[in-house]
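Counting in the numbering used here, the sequence shown runs from 21 upward without gaps.
The block underneath contains the structure these notes are about, expressed in structure tokens.
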Amino acid sequence: MGAQRKPDGKLLSGGNPQIPKGEGNGPVRDYIAAMPGWKRALGRRLDDLIVATVPGVHKAVKWNQPFYGHQGDGWFLSFRCYTAYVQVQFLKGASLDPVPPKPSKHGEVRYLDIRENDGLDEELLRSWIAQASRLPGEKM
């Protein structure tokens, strides 16, 4: 087994890793590896759930956060670190059933904030990921 390379990124305010933008699994893997403390395991779990739910999902790091979508069809989900939680962003979250709990100033966007001791409802999260992946993606 080879040694995993340490990402070159630093943490921005709030503890979000600063990772160079890039397409594919490598930049996302680097972002997750740079997530501080308990957030790293959550980042791995989120990535695993997304990959298992959406085979062939396209990944990238943009604006210091991993994005997930369909190649050429836009993005449906991203996540990022804040001081006390990891925030999952559903770009068309207002169209999901049930609607994720946290509104955004952008009408379609909804958030799920996950704190260290929160239980993760993986069944609901998988449902949201699957629903989001079937909606038209956001071009960015």
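The beta-carbon is built from N, C-alpha and C at its ideal position, and this holds for glycine as well.
For residue i, does the count of other Cβ atoms within 10 angstroms reach 16, so buried, or fall short, so exposed?
i	result
Lys79	buried
Arg135	exposed
Lys173	A question about residue 173 goes unanswered here, because the residues of the chain that appear run from 21 up to 160.
Lys30	exposed
Pro120	buried
Lys159	exposed
Leu97	buried
Asp28	Its pLDDT being 49, under 50, Asp28 is placed unreliably in this model, and the value from its coordinates should be taken loosely. Flag for Asp28 reads exposed.
Gly157	buried
Asp117	exposed
Gly34	exposed
Report all residues from its chain with a CB closer than 7 Å to the CB of residue i; omit the five preceding and five following residues, and keep chain order.
i	result
Asp67	Val48 and Ile52
Tyr105	Asp133, Ile134 and Arg135
Asn45	Lys79
Ser147	none
Grab the span of the beta strand (DSSP E) containing residue i for me, first residue to last.
i	result
Lys159	It is not in any beta strand (DSSP E) - Lys159 carries neither H nor E in the DSSP assignment.
Asp50	That residue, Asp50, is in no beta strand (DSSP E); its alpha helix (DSSP H) goes Asn45 to Ala54.
Gly94	Gly94 to Cys101
Val106	Tyr105 to Phe110
Using a beta-carbon distance below 8 Å, is residue i in contact with chain C?
i	result
Gly63	The structure shown contains no chain C; it holds only a single protein chain.
Where residue i and residue j are concerned, what is the direct C-alpha to C-alpha distance, given to the nearest angstrom?
i	j	result
His126	Gly57	30 Å
Tyr102	Met55	10 Å
Leu155	Ile70	15 Å
Asp138	Lys122	15 Å
Arg64	Trp95	19 Å
Gln91	Pro75	12 Å
Val77	Ser153	9 Å
Ser124	Thr73	25 Å
Val129	Lys59	22 Å
Tyr131	Val108	6 Å
Short of 8 Å in beta carbon distance, which residues of its chain neighbour residue i, apart from the five on each side in sequence? Order them along the chain.
i	result
Val81	Ile39, Pro40, Lys41, Gly42, Pro47, Val48, Asp50, Tyr51 and Phe87
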